[in-house]
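Encoded as structure tokens, the structure appears first; notes follow it.
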RNA sequence: GGCCCGUUCGUCUAGGGGUCUAGGACAUCUCCCUUUCACGGAGGAAACACGGGUUCGAUUCCCGUACGGGCUACCA
């Protein structure tokens, strides 16, 4: 048997990170078993269709490197992969009719208002959970209560109808979930679910089953919110006589809000200051923009790694996993059963780990365009050598690559202001004199690397009976304008003799002459 | 309300009858490194929801309670 899993989102908006995790687990499982991962678009609700959502889903999965073997925009031997198109081919109707023929489904003509009225009346009688089922259907307008002629007349008169599943009462339904083990339900609590809506579209319940059968899905991985309706799905397979075709189910724990109650929702992200979407999304209706991990500067790999660990762990202390390593290690047995509160801090931590793993040369390649565009520099400072050296000084003190520019611009630009506190404390005739002498020493120096410069700096300080500590930070401010930053003599080496001398000269002329006298 | 699923440090989790003085990671605190800021290193504080059972022995198994989550649509 070839393992085939699918990710089947609805194009109702951007995919949130919970959805990405579901896709990831389905992908990891399929790949581990040398199987296939399919992307199916479940667009059966025409009212909720959102322009651009499908493209977003595809782009997001691609960014995460969760690449489907088959699916919308990826092709495959089970086309089409969009449910609206499959509906046109009559796939769902065919199965619905089979259920009707075998007595497991029926036509129902009740209007929305009538259903609402039935619910309201039950509520008035102190019964909160009215549902269309074996107890109530006899009071409704359907093929079980109307004569066959009447049903035929209504259908030919184009009266709106739905097709409902006829759930047999008093059945025990048990199935084995890959994460939860045996789960059981009573059929009495399952309602006669609508299979085909009045607009002719199938509901999720019918559509996903028909497609999973036709697409030969072996393992259905989805969110925990589906657990309550899964017994109905088990029944549909039974009624279809295809119980042997039923995939194994895995119901994933939900992702919860970082604080407060409830599951992580689209609104939480920007409210709490972190993205809930892999990519930035602009709502076509409202124009509202929601931030994305990609745009915030997260690495796709770190993002995927973080997501994998939300509810799963390998049972070892290793935390950094490449996609290949995840494929190798992932198992549903090790997926935690309880919902996981999402922690944006941990997401950042994963990103830092990946940042430190980057090669300086690669970081430099990506930084150079920024140097050229933002700093308008195009000389030796925009070379790979210079950028790589700058990046290596900067690397450990940023969380994201995109901080190199803000945190390191003094490595490229002469400072125009100087940290006032340090100047007030350290700038005086003695230190000014020291800096003048330092200029002389440095200008005669033939080698200008970090250790040589550091040594001559310290020697000069000692000769002048100055504690290095009294001038070290001043020197930093003179060179960078800032009181803290990258390794001081590392910066000296990077800037080079000429630039260092210029910056000292600049500072001396820019700073007040009579301080301390 | 009903049904289902769950419950180990603040958070993500390991552990599934004695090895638990309950392990790791994030966050937090202290110290070291660094006469900067980070990184890094060392250490600290921090949890088995509660009550019954079963057992020689329960964090681990069973039941109940509490709490959390989900579902309860012609949405997925």
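Numbering (our numbering), first residue to last: 32 to 548.
All C-beta atoms, glycine included, are put in the ideal place defined by N, C-alpha and C.
Among residues of its own chain, excluding the 5 on either side of residue i, which ones have a beta-carbon nearer than 7 Å to its beta-carbon?
i: residue 524; result: 479, 480, 481, 484
i: residue 200; result: 165, 218, 219
i: residue 537; result: 445
i: residue 356; result: none
i: residue 547; result: Low per-residue confidence applies at residue 547: pLDDT is 45, beneath 50, and the placement is therefore not dependable, though the value from the model is reported in the following sentence. Closer than 7 Å at the Cβ level, and outside the excluded window around residue 547, lie 459, 460.
i: residue 408; result: 402, 443
In the DSSP output, which residue or residues are listed as bridge partners for residue i?
i: residue 203; result: 217
i: residue 254; result: 283
i: residue 225; result: 195
i: residue 173; result: 139
i: residue 393; result: Looking at the DSSP assignment, residue 393 forms no beta bridge with any residue, so it has no partner.
i: residue 38; result: 70
i: residue 372; result: 287
i: residue 343; result: 366
i: residue 18; result: This structure cannot speak to residue 18, because the chain is shown only from 32 to 548.
i: residue 568; result: Outside the displayed range of the chain (32 to 548) lies residue 568, so it cannot be described from this structure.
i: residue 212; result: 208
i: residue 185; result: In the DSSP output, where bridge partners are listed per residue, residue 185 has none listed.
i: residue 113; result: 72
Which residues in the same chain have their Cβ closer than 6 Å to the Cβ of residue i, if we skip the five residues on either side of it in sequence?
i: residue 530; result: none
i: residue 34; result: 61, 64, 66, 249
i: residue 457; result: 505
i: residue 435; result: 398, 425
i: residue 384; result: 351
i: residue 37; result: 69, 71, 248
i: residue 320; result: 313
i: residue 224; result: 196, 236, 263
i: residue 124; result: none
Check whether the Cβ atoms of residue i and residue j lie closer than 9 Å to each other.
i: residue 142; j: residue 175; result: no
i: residue 48; j: residue 363; result: no
i: residue 312; j: residue 44; result: yes
i: residue 71; j: residue 102; result: yes
i: residue 271; j: residue 122; result: no
i: residue 461; j: residue 497; result: yes
i: residue 468; j: residue 491; result: yes
i: residue 303; j: residue 288; result: yes
i: residue 163; j: residue 146; result: yes
i: residue 305; j: residue 334; result: no
i: residue 137; j: residue 211; result: no
i: residue 56; j: residue 366; result: yes
i: residue 91; j: residue 308; result: yes
i: residue 280; j: residue 240; result: no
i: residue 441; j: residue 516; result: yes
i: residue 117; j: residue 242; result: yes
i: residue 286; j: residue 52; result: yes
i: residue 395; j: residue 419; result: yes
i: residue 354; j: residue 96; result: yes
Taking only three categories from DSSP, how would you classify residue i?
i: residue 59; result: helix
i: residue 313; result: strand
i: residue 443; result: coil
i: residue 101; result: strand
i: residue 320; result: strand
i: residue 262; result: helix
i: residue 151; result: helix
i: residue 334; result: helix
i: residue 164; result: coil
i: residue 50; result: helix
i: residue 361; result: coil
i: residue 298; result: coil
i: residue 548; result: Bear in mind that a pLDDT of 41 at residue 548, under 50, signals an unreliable position, so the model cannot answer this.
i: residue 534; result: helix
i: residue 79; result: coil
i: residue 134; result: coil
i: residue 527; result: coil
i: residue 521; result: helix
Could you name the residues of the same chain whose beta carbon sits closer than 8 Å to that of residue i, not counting the 5 residues immediately before and after it, in chain order?
i: residue 177; result: 140, 185
i: residue 427; result: 387
i: residue 315; result: 81, 82, 83
i: residue 465; result: 491, 492, 495, 497, 502
i: residue 192; result: 138, 139, 140, 185, 186, 229
*Any alpha helix (DSSP H) of 4 or more consecutive residues that is wholly inside the stretch 429 to 517*: 435 to 439, 451 to 457, 460 to 475, 481 to 494, 499 to 511
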